[in-house]
Amino acid sequence: MIQKPRGTRDFLPDEMEQRRAVEKRMRDVARCWGYREVCTPEFEELELFTARSGEGIIEEMYVFEDKGGRMMALRPEITAAVQRMYLNEARVTPKPLRWCYFADCFRYERPQKGRYRQFWQFGVELIGADTPVADAEVIMLARDLLQSSGVSFSLHIGHLSFMKALLSDMDVKEQRILMRYLDKKDHEGLKSHLGRAGRAELGSSLLALLECRTLDEVIGITGKIPEYERIEETLGLLDDMDIRYSLDPGIARGLDYYTGMVFEAFADNLGAENQILGGGAYRLAHLFGGDEVPSSGFAIGFDRVMVSLGDSEGETERVVGIVYTPDTRTYALRAARAFREAGLRTETDIMGRSIGAQIAHASKSAQFVAIIGRRERESGTVTLKNLDTGDQRELDLSTAVREVVTSGPRG
RNA sequence: GCCAGGGUAGGGUAGUUGGUUAUCCUAGGGGACUGUGGAUCCCCCGACCCGGGUUCGAGUCUCGGCCCUGGCCCCA
8 MIQKPRGTRD FLPDEMEQRR AVEKRMRDVA RCWGYREVCT PEFEELELFT
58 ARSGEGIIEE MYVFEDKGGR MMALRPEITA AVQRMYLNEA RVTPKPLRWC
108 YFADCFRYER PQKGRYRQFW QFGVELIGAD TPVADAEVIM LARDLLQSSG
158 VSFSLHIGHL SFMKALLSDM DVKEQRILMR YLDKKDHEGL KSHLGRAGRA
208 ELGSSLLALL ECRTLDEVIG ITGKIPEYER IEETLGLLDD MDIRYSLDPG
258 IARGLDYYTG MVFEAFADNL GAENQILGGG AYRLAHLFGG DEVPSSGFAI
308 GFDRVMVSLG DSEGETERVV GIVYTPDTRT YALRAARAFR EAGLRTETDI
358 MGRSIGAQIA HASKSAQFVA IIGRRERESG TVTLKNLDTG DQRELDLSTA
408 VREVVTSGPR G
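Per this note's numbering, the first sequence starts with residue 8, numbered consecutively.
Dropping the structure here:
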């Protein structure tokens, strides 16, 4: 038999309902913050992604040549595409732009728990704002979104200026290597690299920086940096709004287009793949040939959030089963229409089953059955039976519909 | 790309000193039961991941591959 591609998943209705429920809560939060949804193509010109991350990431992407000989890639993330979209379509839109997305991405990687080749991200981008309160807004929104999902997490906030202050006299390439070591918390690798570069004296201050948990401690190591006041203001806002976070000067976020504030979130109950959110302030537009625009944003690893939430039982939807005899089929279908017009999930027999078998089948998912025979058809009624209580009454069709609508969901 | 552990009906399983028709539960379909449900009973459907090797004979042993799970690497 044909199997699904490696690293992809099928979702049955129960799981889809859980995912949609979480997705809906996130959408509602984003909407309340004024972030409106955008959508970009599933695939883009390969160059959109290599311009930013280098040729190396081709190995980790789904890349193909289309029939016109153009090199394309399934999007491995959304931020670059949104920036391209901004440059293409929305450069003159009043700032700031508050956008969000919920979309699937593709990466050609070794699958494991919480890591798939097709995965979904819920993300936001705030374009054209470059203030302390903009930084704070994005972080507060990140917190609200994760909170709405019900996941248990911790939020870590850093700023690239801390490391850069200590590394300011080194060239950019060297900085990048060292920041990579710091991000990975690879102390030995860091020390030996510094030793080879003849800068062993930096080791202790860099490692001490990783241990800092307050801005004052950081400044004690880096000295007063130009960004100090801005960072203090952002963190102060978060404190005033009772946002719980840890200051983590070790966050480097691998990429060089991040410019200032960076942050990550981790699920409390996941193993190796426990990062469920990452983001920060960045500049990207120049790479795509546009005027620079300060932006910030983040993406939530939606699948990891779902793994963290585990198998929780979704709300049971009210279901009505229409049970009827063969000679009342048309009346039964009209009755079903009336229940559906009231917004109820309504199912009718299409298997030619007996009355008893229809009820038996309906009772697996439904809370109500409307039983219809010749008598009900003649009088324009249905016999509404509550399968939870066993009560049943013959009611006018419209009364029966109202009865179910006002009954409220089960359990 | 690396390491470890796994793959038997849709789901969960038994079967490993190699031996007839591969066990049980559950789910699904039908019936007992054509105007009243989840019980019960009966019937049906349905599996050894793929390929090579050893053997008279492989679910079982062996090799390779694929896939899953966990970890490493990576993680935009």
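All C-beta atoms in this analysis are idealised placements derived from N, C-alpha and C, irrespective of residue type, glycine included.
Asked	Found
My assumption, with CB atoms under 8 Å, is that Val330 sits in contact with Ala369. Please give the rounded CB distance.	6 Å
Considering just the uninterrupted stretch of the alpha helix (DSSP H) at Gly135, what are its terminal residues?	No alpha helix (DSSP H) holds Gly135; DSSP gives it neither H nor E.
Can you name the start and end residues of the alpha helix (DSSP H) that Ser211 belongs to?	Leu209 to Glu218
Starting from Cys107, follow the alpha helix (DSSP H) in both directions and report where the run begins and ends.	It is not in any alpha helix (DSSP H) - Cys107 instead sits in the beta strand (DSSP E) that spans Leu104 to Phe113.
Give the DSSP-derived three-state secondary structure of Glu30 in the structure shown.	helix
Taking C-beta to C-beta, are Ala445 and Gln90 nearer than 8 Å?	Nothing about residue 445 can be read from this structure; the chain reaches only from 8 to 418.
Could you please give the first and the last residue of the uninterrupted beta strand (DSSP E) stretch that includes Ile164?	Phe160 to His166
So is Leu19 buried or exposed if we call it buried at 16+ other beta carbons inside 10 Å?	exposed
Quick test of the definition: if touching needs 3 or more C-beta pairs under 8 Å, does the region 70-84 touch the region 107-119?	yes
According to DSSP, is Gln374 part of a helix, a strand, or is it coil?	coil
Which first and last residues belong to the beta strand (DSSP E) in which Tyr265 is found?	Tyr265 to Ala274
Buried or exposed, going by whether 16 or more other CB atoms sit within 10 Å of the CB of Leu340?	exposed
Please list the segments of the beta strand (DSSP E) lying wholly inside the region 53-127, counting only runs of 3 or more residues, in order along the chain.	70-72, 78-81 and 104-113
Can you say whether Gly267 is buried or exposed, counting buried as having 16 or more other CB atoms within 10 angstroms of its CB?	buried
I'd like to confirm the pairing. Which residues does DSSP put opposite Lys392 in its beta bridges?	Val376 and Gln399
List the DSSP bridge partners of Glu299.	Answer by DSSP bridge pairing: none, since Glu299 is not bridged.
Check this for me: beta carbons of Met33 and Ser161, under 8 Å apart or not?	no
Terminal residues of the continuous beta strand (DSSP E) containing Ile329?	Val326 to Tyr331
Grab the span of the beta strand (DSSP E) containing Ala288 for me, first residue to last.	Gln282 to Tyr289
How would you label Thr396, buried or exposed, when you count the other beta carbons within 10 angstroms and need 16 or more for buried?	exposed
Can you find the residues in the same chain that come closer than 7 Å, C-beta to C-beta, to Leu277, ignoring five residues on each side of it along the sequence?	Gly121, Arg311, Val314 and Ser315
What residues in its chain sit with their C-beta under 8 Å from that of Ile379, if we drop five residues either side in the sequence?	Ile329, Val330, Tyr331, Thr332, Thr335, Tyr338, Ala339, Ala342, Val389 and Thr390
Do you know how far the Cα of Phe273 is from the Cα of Cys219?	19 Å
For a test of the three-state rule: what should DSSP assign to Val411, helix, strand or coil?	helix
I need the straight-line Cα distance from Ile184 to Gly287, nearest angstrom please.	20 Å
Short check: CB of Lys419 to CB of Ala136, under 8 Å?	The requested residue 419 does not occur in the structure, where the chain is confined to residues 8 to 418.
Distance, Cα to Cα, Leu213 vs Arg251?	25 Å
At a cut-off of 7 Å, would you count Gln25 as near the ligand MG, judging by its Cβ distance to the nearest heavy atom?	The ligand MG is absent from the structure shown, which contains no ligand whatsoever.
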